[in-house]
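Comments concern the structure below.
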Amino acid sequence: MSSGKTMVTAASLATAVLIATSACAGESAGGQVTLRFAYWGSDVRQQRTEEAIRKFEARHPHIDVVGEFSGFGGYYDRLATNVAGGSTPDVITIEIRGLREYAERGTLADLSGEVDTAGIDSKVLATGAIGGKQFAIPTGVNAWCLVADPEAIEAAGQRLPDDATWTWEEYIRLAARITARTGGKVHGTQQAFNPAFLQIFAAQRGEPFYDGSRLGISAGTIKAWWAVHRKLIATGGSPDAARSIALGARNVDGSLFATGNGAMGMWWSNEFGAISRASGGKKMELLRMPKARQAAPGGMFLQPAMFYTASAKSAHQAEAAEFIDFMVNDPEAGAIILSDRGLPANSNVLAAVRDDLPEADKKTLAFLDEIRDELADPPAAPPKGASAMEAVLKRYTDEVLFGRMPADAAARKFITEANALIAG
């Protein structure tokens, strides 16, 4: 296979799987090794990853890397099917919410001592460890934060908030004023329903998202979180429920920022560059999340954007570890990937590429440096079943926002269903 190969398409995936699971497990008579590498993302990520793969193959002529790329929507369904069918990719990209589930079912190899982790912050690295085994290597870090368009805020006759002190009430009022002052042309904010938002909101009230194999969030906190969403809709600070929920399912290219109709929104910090591009190159700002009144912790935290893992069933675990090591630790790989998978987890790689980062990513780095002392420790891998938590939370959120279920009942049912999910 040449270094200029293209991504595996749906039509050729079956052929690739047959090759990878043949008697020689991807190894030709000449000793050539084929690694299958599963990941998701955008067209930009696909292009950068292919370039990094070509660089790796040039250094390791005996290893061919077949990238199995897909959009995020069907990624985990495809991965689950491959694992169940005995055709697990050699290198797997995974999020923290699914890490424990795959590690504890024996899918993932222990990479302890197989990948150089000296340049990775120990607390960040620990998020990929379970039971003393390093199953996952962080690609890069990011934080859930608020993104603002200063030009849109000022055009509405408002000021950029003091994000060191602002509250949820002030956020709601500002959003409502922006919408009102622009006659609805620009909405004050775009709603977000990511569990990371709820995790920060709960931390401000002294509650962890998970407490062992149960939820640590109370019904009162969930109701208060929904109340923020409902008040934004009621005051016009955000679009109505139907449009807000539809926007929440889109990527940044389909956001209010992309159409010039939004002044604020919540996103992961590694999406900041894409948001800036989608907005037509506007000078956007990253802000701290609003806080509950008199809350001591802000609740924000660093988290790996994703992890690289290796299959425990791979016939080529050494080569898989070598590829992961390259993607995480090599400055040339870092110069290609930049912040696409979060700001590089390896501090040496980050130092090597920081001057080459796009301006938006430099701003992200400066923002994270500014708030670093305020951030909570990165969370541990959540319980098994957590990979489905976002869908469960979204379902009950939809019920509340559309008025189909009272918040009290929805919160109780959510907690019961979520606890059953993660206890199993």
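Read left to right, the sequence shown gives residues -25 to -1, 1 to 399 (mature numbering (1 follows the signal peptide of the UniProt record, and there is no 0)). The beta-carbon is built from N, C-alpha and C at its ideal position, and this holds for glycine as well.
Spatial neighbours of residue i within its chain, please: CB distance less than 6 Å, with the 5 preceding and 5 following residues excluded, ordered by chain position.
| i | result |
| --- | --- |
| Asn117 | Trp243, Ser244, Asn245, Ala280 and Gly317 |
| Ala382 | Lys198, Trp201 and Val375 |
| Ala127 | Val161 and Ala238 |
| Gln278 | Pro353 |
| residue 400 | A question about residue 400 goes unanswered here, because the residues of the chain that appear run from -25 up to 399. |
For residue i, does the count of other Cβ atoms within 10 angstroms reach 16, so buried, or fall short, so exposed?
| i | result |
| --- | --- |
| Gly1 | With a pLDDT of 43 at Gly1, under the threshold of 50, the modelled position of this residue cannot be trusted, and the question is left open. |
| Asp124 | buried |
| Asp300 | buried |
| Arg379 | exposed |
| Glu25 | buried |
| Arg75 | buried |
| Glu144 | exposed |
| Glu349 | exposed |
| Gly229 | exposed |
| Ser219 | buried |
| Ser97 | exposed |
| Phe232 | buried |
| Asp331 | exposed |
| Ala335 | buried |
| Gly42 | buried |
| Asp138 | buried |
| Ala221 | exposed |
By how many angstroms is the C-alpha of residue j removed from the C-alpha of residue i?
| i | j | result |
| --- | --- | --- |
| Val58 | Lys257 | 43 Å |
| Arg225 | Tyr185 | 27 Å |
| Gly60 | Gly73 | 18 Å |
| Ile390 | Met364 | 11 Å |
| Ala361 | Gly132 | 43 Å |
| Phe12 | Asp65 | 6 Å |
| Val122 | Gly237 | 10 Å |
| Glu129 | Leu83 | 50 Å |
| Ala270 | Phe176 | 10 Å |
| Gln21 | Ile311 | 11 Å |
| residue 400 | Gly211 | Residue numbering for the chain in the displayed model covers -25 to 399; residue 400 lies beyond these limits and cannot be assessed. |
| Gly81 | Lys359 | 13 Å |
| Gly48 | Thr92 | 31 Å |
| Ala267 | Lys288 | 47 Å |
| Ala33 | Val40 | 11 Å |
| Val161 | Ser213 | 9 Å |
| Thr164 | Met239 | 4 Å |
| residue 403 | Ala111 | The chain is shown only over -25 to 399; residue 403 falls outside these bounds and no answer can be derived. |
| Leu135 | Thr56 | 47 Å |
| Arg370 | Gly6 | 50 Å |
| Ser286 | Phe31 | 19 Å |
| Gly115 | Met302 | 11 Å |
| Val8 | Ser62 | 16 Å |
| Ala395 | Ile67 | 28 Å |
| Thr196 | Leu343 | 27 Å |
| Gly235 | His291 | 49 Å |
| Arg252 | Gln174 | 28 Å |
| Thr157 | Pro357 | 42 Å |
| Ala341 | Gly159 | 33 Å |
Distance cutoff 8 Å, beta carbons only. Does residue i sit that close to anything in chain B?
| i | result |
| --- | --- |
| Ile28 | Chain labels in this structure do not include chain B; a single protein chain is all it has. |
Once you ignore the five residues that flank residue i on each side, which residues in its own chain have a CB closer than 7 Å to its CB?
| i | result |
| --- | --- |
| Ala249 | Val227 |
| Tyr50 | Trp15 |
| Ile346 | Arg263 and Met275 |
| Ser87 | Lys108 and Gln109 |
| Asp215 | Ile208 |
| Pro333 | Gly248 |
| Gly223 | Gln166, Ala167 and Phe168 |
| Arg387 | Ala194 |
| Pro272 | Ala178, Gln179 and Ala351 |
| Ser45 | Trp15 and Arg53 |
| Ala155 | Gly211 |
| residue 406 | Only positions -25 to 399 of the chain appear in the structure, and residue 406 is not among them; the question remains open. |
| Pro113 | Ile95, Val99, Leu100, Thr102, Gly103, Pro279, Phe282 and Ala320 |
| Ala27 | Met302, Ala308, Ile311 and Ile312 |
| Glu294 | Val8, Leu10 and Ile38 |
| Arg148 | none |
Can you name, in chain order, every residue of its own chain whose Cβ lies under 8 Å from the Cβ of residue i, other than the five neighbours on each side?
| i | result |
| --- | --- |
| Glu297 | His35 and Ile38 |
| Gly309 | Pro319, Asn321, Val324, Leu325, Ala327 and Val328 |
| Ala355 | Ala101 and Thr102 |
Between residue i and residue j, how many whole angstroms is the CB-CB distance? I'm expecting something under 8 Å.
| i | j | result |
| --- | --- | --- |
| Ala171 | Trp119 | 4 Å |
| Ala398 | Arg189 | 7 Å |
| Pro306 | Tyr146 | The pair is not a contact, with the Cβ atoms about 40 Å apart (cut-off 8 Å). |
| Val375 | Glu392 | Actually they do not touch by this definition, with Cβ atoms about 14 Å apart. |
| Val90 | Asp315 | About 20 Å; that fails the 8 Å criterion. |
| Lys338 | Leu261 | 7 Å |
| Phe282 | Ile69 | 5 Å |
* If you scan the region 235 to 303 from start to end, which runs of the alpha helix (DSSP H) of 4 or more residues do you find wholly inside it? -> 247 to 253
* **Length at least 3, wholly inside the region 34 to 107: the beta strand (DSSP E) runs in chain order** => 38 to 45 and 66 to 69
* **In chain order, each beta strand (DSSP E) run of at least 3 residues that lies wholly inside the region 93 to 174** => 112 to 123
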